[in-house]
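**Student:**
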Amino acid sequence: MRTHRSVDLQDVEEGIKVKVAGWLASCRDQGSILFIIIRDGWGEIQITLRKGETSEKLMEKARHIPPHSALVVEGIARRDLRAPWGMEVVPSRITIASRARRAPPFNVYGGDLPSLDKRLDVRAVDLRRVKAQAIFKIRHLTLQAIREFFVGEGFLEVQTPKIIATATEGGAALFPLLYFDKEAFLAQSPQLYKEQLTMAFDRVFEIGPIFRAEPSRTLRHLSEAISVDAEIAFAEYKSVMKVLEELMVRVVDKILNGARRELEILNYKPERPKLPMPRITYRRCLEILKGRNSNKPFGEDLDATDLKILGEELGGYYFIIDWPLRLKPFYIKPSRGRSELSESFDLMYRDLELASGGTRVHNKRLLMKRLREQGLEPKSFGHHLKVFDYGMPPHAGFGLGLDRLVMVLTGQGNIREVTAYPRDVRRLTP
Ligand code: ATP
Ligand code: MG
Numbered sequence: 004m005r006t007h008r009s010v011d012l013q014d015v016e017e018g019i020k021v022k023v024a025g026w027l028a029s030c031r032d033q034g035s036i037l038f039i040i041i042r043d044g045w046g047e048i049q050i051t052l053r054k055g056e057t058s059e060k061l062m063e064k065a066r067h068i069p070p071h072s073a074l075v076v077e078g079i080a081r082r083d084l085r086a087p088w089g090m091e092v093v094p095s096r097i098t099i100a101s102r103a104r105r106a107p108p109f110n111v112y113g114g115d116l117p118s119l120d121k122r123l124d125v126r127a128v129d130l131r132r133v134k135a136q137a138i139f140k141i142r143h144l145t146l147q148a149i150r151e152f153f154v155g156e157g158f159l160e161v162q163t164p165k166i167i168a169t170a171t172e173g174g175a176a177l178f179p180l181l182y183f184d185k186e187a188f189l190a191q192s193p194q195l196y197k198e199q200l201t202m203a204f205d206r207v208f209e210i211g212p213i214f215r216a217e218p219s220r221t222l223r224h225l226s227e228a229i230s231v232d233a234e235i236a237f238a239e240y241k242s243v244m245k246v247l248e249e250l251m252v253r254v255v256d257k258i259l260n261g262a263r264r265e266l267e268i269l270n271y272k273p274e275r276p277k278l279p280m281p282r283i284t285y286r287r288c289l290e291i292l293k294g295r296n297s298n299k300p301f302g303e304d305l306d307a308t309d310l311k312i313l314g315e316e317l318g319g320y321y322f323i324i325d326w327p328l329r330l331k332p333f334y335i336k337p338s339r340g341r342s343e344l345s346e347s348f349d350l351m352y353r354d355l356e357l358a359s360g361g362t363r364v365h366n367k368r369l370l371m372k373r374l375r376e377q378g379l380e381p382k383s384f385g386h387h388l389k390v391f392d393y394g395m396p397p398h399a400g401f402g403l404g405l406d407r408l409v410m411v412l413t414g415q416g417n418i419r420e421v422t423a424y425p426r427d428v429r430r431l432t433p
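Just so we're aligned, residue 4 is where the sequence shown starts under our numbering, counting upward by one.
(1) On the three-state DSSP scale, how would you describe residue 392?
(2) Specify the secondary structure class of residue 45 as computed by DSSP and reduced to three states.
(3) Would residue 54 be called buried (16 or more neighbouring beta carbons within 10 Å of its own) or exposed?
(4) Taking residue 246 and residue 235 to be in contact with their CB atoms under 8 Å, please state how far apart those CB atoms are, rounded to whole angstroms.
(5) Check whether the Cβ of residue 356 lies closer than 7 Å to any heavy atom of the ligand MG, and answer yes or no.
(6) Leaving aside the five residues before and after residue 362 along the sequence, list all residues of the same chain whose C-beta is less than 6 Å from its C-beta, in chain order.
(7) Assign residue 237 to one of two classes, buried (16 or more other C-beta atoms within 10 Å of its C-beta) or exposed (fewer than that).
(8) Helix, strand or coil: how does DSSP classify residue 281 here?
(9) Straight-line CA distance for residue 158 to residue 176?
(10) How big is the Cα-Cα spacing for residue 72 and residue 169?
(11) Go through the region 179 to 250 residue by residue and report every complete run of the beta strand (DSSP E) that reaches 3 residues or more, in order.
(12) Say the cut is 7 Å; is the CB of residue 184 nearer than that to a heavy atom of the ligand MG?
(13) Starting from residue 359, follow its DSSP beta bridges and name the residues at the other end.
(14) Just to confirm, is the Cβ distance from residue 145 to residue 243 under 8 Å?
(15) Following a CB-centred definition, is residue 359 positioned closer than 7 Å to any heavy atom of the ligand MG?
(16) How far does the beta strand (DSSP E) with residue 139 in it reach, from first residue to last?
(17) Suppose you measure from the CA of residue 195 to the CA of residue 384; what does that come to, to the nearest Å?
(18) Kindly indicate which three-state DSSP category residue 177 falls into: helix, strand or coil?
(19) Closest to residue 185 by C-alpha separation, out of 316, 200, 167 and 16, would be which residue?
(20) In chain order, what residues of the same chain have a beta carbon less than 8 Å from the beta carbon of residue 462, not counting five sequence neighbours either side?
(21) In terms of alpha-carbon separation, which member of 6, 66 and 141 lies closest to residue 20?
(22) Quick check on the burial criterion: 16 or more other C-beta atoms within 10 angstroms. Buried or exposed for residue 276?
(23) Roughly how many whole angstroms lie between the Cα atoms of residue 209 and residue 380?
(24) Go to residue 268, then tell me how far its alpha helix (DSSP H) extends in each direction, as first and last residue.
(25) Let's test the definition: count the other Cβ atoms within 10 Å of the Cβ of residue 13 and tell me whether it reaches 16, buried, or not, exposed.
(26) Which of the three DSSP states, helix, strand or coil, is assigned to residue 322?
(27) How many angstroms separate the CA atom of residue 153 from the CA atom of residue 417?
(28) If you draw a straight line from the alpha carbon of residue 128 to that of residue 413, how long is it in whole angstroms?
(29) So residue 93 is in the beta strand (DSSP E); what residue range does that whole segment cover?
(30) Starting from residue 312, trace the alpha helix (DSSP H) in both directions and tell me its first and last residue.
(31) Between the beta-carbon of residue 292 and the beta-carbon of residue 323, is there less than 8 Å?
(32) Kindly indicate the opening and closing residues of the beta strand (DSSP E) around residue 16.
(33) With a threshold of 7 Å (Cβ to nearest heavy atom), would residue 349 be considered close to the ligand MG?
(34) In three-state DSSP terms, what is residue 169?
(35) Can you grab the Cα-Cα spacing for the pair residue 114 / residue 261, in whole Å?
(36) Hey, would you say the C-beta of residue 406 is under 7 Å away from at least one heavy atom of the ligand ATP?
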């Protein structure tokens, strides 16, 4: 229905016929001249109606189009340096493709924003906000940068099942569902499958949903999130951290270079990681906490308060490495000679965990022992354990939360702002 998108107007010759389309964002009526701004998926277009140039009938029609109506406008392109893209459209015809029946419950194009909840209730309209558009453009570029990076490093992109028969990491946090006449679960991570796929493809990555049933009520947890998972054969955790930190640089550079306009709109500039990122041991974290009068016994997990302190002390991007084995899932490898520790890491940005990873156990006997130590039944992992008899390579990998990464890249404090249709304890619609 259109010949040109908003962005295309910057390249057209003055005087040519154009047909553009979008949603009415604003109408400025100065009596003898009328400026209509429509927005499409790429930006804004100025439609200019002048007395004497445009028919009275068309001007009258234009005056009464409700905001947010979907329009198709035919006309002539005319240079105007004040207009978006340096080009305005002088209309000969305006078709209302879909008349807005009511005004959104808040002003999408400026003014005070209502609560996030009110906006999420009409998310499709909320996403027309200029800032929301910038966030999702950056999310899109982030995915593109991630894929470019992995493909360049020889990884194969895979998809693994999201309906599974057994818990990946033990019971607690799974959504059960009825699979024909059996009980099944939504996958909390592609962990075991991606490990198996290293046997065939060496290096794999997956970008897909993970489902977490912990009833979290925080600004950084969703029940359905997108995870960027990587797994590498013939590698251990230290080399995987190098891959992950290089990925981070690549992504941040892509955003700094490719999303200048969007970052300006958000009034934010993500920090470029300096490599190598600091590697701080879990033990060292306990010392830092002690120095801030926050004693934590060895073996306990770091909670939100601890991470806040560490974020203040360490700032920027850093790895927390060598976690106590008991805090990590059964598939994480114990450290050589220090079996109370593990070959594991978390990638942090200030107090926000972005990724977790480590060397995996590739020895079947050890894996069965670790399962039992964590109170899990090796029998229920029979299908997984079986493949370890056929040359499971030493391997390591990580899971990186895409939504959390986009929070850091766009400067958002609430994960719901970077997710089109967030799912949490309270929200299952729209
Ligand atoms: P947290 O301790 O913050 O709850 P986690 O350690 O349980 O996270 P992992 O199982 O290590 O999470 O998952 C790997 C990554 O996936 C996390 O570092 C995070 O970026 C992302 N992630 C995990 N759970 C969620 C969630 N509920 N919502 C959004 N992202 C998540
Ligand atoms: Mg983790």
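Each residue gets a CB set at the ideal place from its N, CA and C atoms; glycine is no exception.
Quick caveat: nothing in here was measured; it's all calculated off a predicted structure.
**Tutor:** In terms of the structure at hand:
(1) To locate residue 392, count along the sequence shown from 1; it is residue 389. Here residue 392 sits in helix by DSSP.
(2) On the sequence shown, position 42 is the one that residue 45 refers to. Three-state result, residue 45: coil.
(3) Along the sequence shown, one-based indexing puts residue 54 at 51. Exposed, because fewer than 16 other Cβ atoms sit within 10 Å of the Cβ of residue 54.
(4) Position 243 of the sequence shown, counted from the first residue, corresponds to residue 246. Position 232 of the sequence shown, counted from the first residue, corresponds to residue 235. Indeed, because the Cβ distance is near 7 Å, the residues count as touching under 8 Å.
(5) Residue numbering aside, residue 356 sits at position 353 when the sequence shown is read from its first letter. In terms of side-chain proximity, the C-beta atom of residue 356 is found nearer than 7 Å to a non-hydrogen atom of the ligand MG.
(6) In the sequence shown, counting from the first residue as 1, residue 362 sits at position 359. Counting only Cβ-Cβ distances below 6 Å, and skipping sequence neighbours, we find 239, 240, 336, 346 and 399.
(7) Taking the first residue of the sequence shown as position 1, residue 237 is located at position 234. With fewer than 16 other beta carbons inside 10 angstroms of its own, residue 237 counts as exposed.
(8) On the sequence shown, position 278 is the one that residue 281 refers to. Three-state result, residue 281: coil.
(9) Taking the first residue of the sequence shown as position 1, residue 158 is located at position 155. Taking the first residue of the sequence shown as position 1, residue 176 is located at position 173. Answer to the nearest angstrom: the Cα atoms are 30 Å apart.
(10) Stepping through the sequence shown from its first residue, residue 72 is reached at position 69. Stepping through the sequence shown from its first residue, residue 169 is reached at position 166. It is roughly 49 Å from the alpha-carbon of residue 72 to the alpha-carbon of residue 169.
(11) Within the region 179 to 250, the runs of beta strand (DSSP E) at least 3 residues long that lie entirely inside it are, in chain order, 179 to 182, 185 to 189, 206 to 214 and 227 to 236.
(12) What you label residue 184 is simply residue 181 of the sequence shown in a count that begins at 1. The ligand MG has no heavy atom closer than 7 Å to the beta-carbon of residue 184.
(13) Stepping through the sequence shown from its first residue, residue 359 is reached at position 356. Paired residue(s): 349 and 402.
(14) For the purposes of this step, residue 145 is taken as residue 142 along the sequence shown, with counting starting at 1. For the purposes of this step, residue 243 is taken as residue 240 along the sequence shown, with counting starting at 1. Contact annotation: residue 145 and residue 243 have beta-carbon atoms that are not nearer than 8 Å.
(15) Here residue 359 refers to the residue found at position 356 of the sequence shown. True, at least one ligand heavy atom lies under 7 Å from that Cβ.
(16) Taking the first residue of the sequence shown as 1, we reach residue 139 at position 136. Run containing residue 139: none in the beta strand (DSSP E); it sits in the alpha helix (DSSP H), 133 to 155.
(17) Residue mapping note: residue 195 aligns to position 192 of the sequence shown, counting from 1. Residue mapping note: residue 384 aligns to position 381 of the sequence shown, counting from 1. Taking the Cα positions, residue 195 is about 10 Å away from residue 384.
(18) Taking the first residue of the sequence shown as position 1, residue 177 is located at position 174. Coil.
(19) In the sequence shown, the residue the question calls residue 185 occupies position 182. It is 167.
(20) With the chain represented from 4 up to 433, any question about residue 462 goes unanswered, as that position is not in the structure.
(21) Along the sequence shown, one-based indexing puts residue 20 at 17. Comparing Cα-Cα distances from residue 20 to each of 6, 66 and 141, the minimum goes to 6.
(22) Stepping through the sequence shown from its first residue, residue 276 is reached at position 273. Residue 276 counts as buried, since no fewer than 16 other beta carbons sit within 10 angstroms of its beta carbon.
(23) One-based indexing of the sequence shown puts residue 209 at position 206. One-based indexing of the sequence shown puts residue 380 at position 377. Approximately 27 Å between the Cα atoms of the pair.
(24) Residue numbering aside, residue 268 sits at position 265 when the sequence shown is read from its first letter. Residue range 263 to 269 is occupied by the alpha helix (DSSP H) that includes residue 268.
(25) In the sequence shown, counting from the first residue as 1, residue 13 sits at position 10. So residue 13 ends up on the exposed side.
(26) Position 319 of the sequence shown, counting from 1, holds the residue named residue 322. Residue 322 falls in the strand class under three-state DSSP.
(27) Locating residue 153 in the sequence shown gives position 150, counting from the first residue. Locating residue 417 in the sequence shown gives position 414, counting from the first residue. Straight through space, the alpha carbons of residue 417 and residue 153 are spaced by roughly 28 Å.
(28) By one-based count along the sequence shown, residue 128 stands at place 125. By one-based count along the sequence shown, residue 413 stands at place 410. Their Cα atoms are separated by approximately 20 Å.
(29) For the purposes of this step, residue 93 is taken as residue 90 along the sequence shown, with counting starting at 1. Residue 93 -> beta strand (DSSP E) spans 90 to 101.
(30) Taking the first residue of the sequence shown as 1, we reach residue 312 at position 309. Segment 307 to 317, the alpha helix (DSSP H) holding residue 312.
(31) Taking the first residue of the sequence shown as 1, we reach residue 292 at position 289. Taking the first residue of the sequence shown as 1, we reach residue 323 at position 320. In this structure, residue 323 does not lie closer than 8 Å to residue 292 by Cβ.
(32) Reading the sequence shown from its first residue, position 13 is the one you call residue 16. Premise fails: residue 16 is in no beta strand (DSSP E) and is neither H nor E.
(33) Residue mapping note: residue 349 aligns to position 346 of the sequence shown, counting from 1. Taken from the Cβ of residue 349, at least one heavy atom of the ligand MG lies inside 7 Å.
(34) For the purposes of this step, residue 169 is taken as the residue at position 166 of the sequence shown. Residue state, collapsed to three classes: coil.
(35) For this step, residue 114 is matched to residue 111 along the sequence shown. For this step, residue 261 is matched to residue 258 along the sequence shown. CA-to-CA, the gap between residue 114 and residue 261 works out to about 28 Å.
(36) On the sequence shown, residue 406 is found 403 positions in, with the first residue counted as 1. Yes, the ligand ATP has a heavy atom inside 7 Å of this Cβ.
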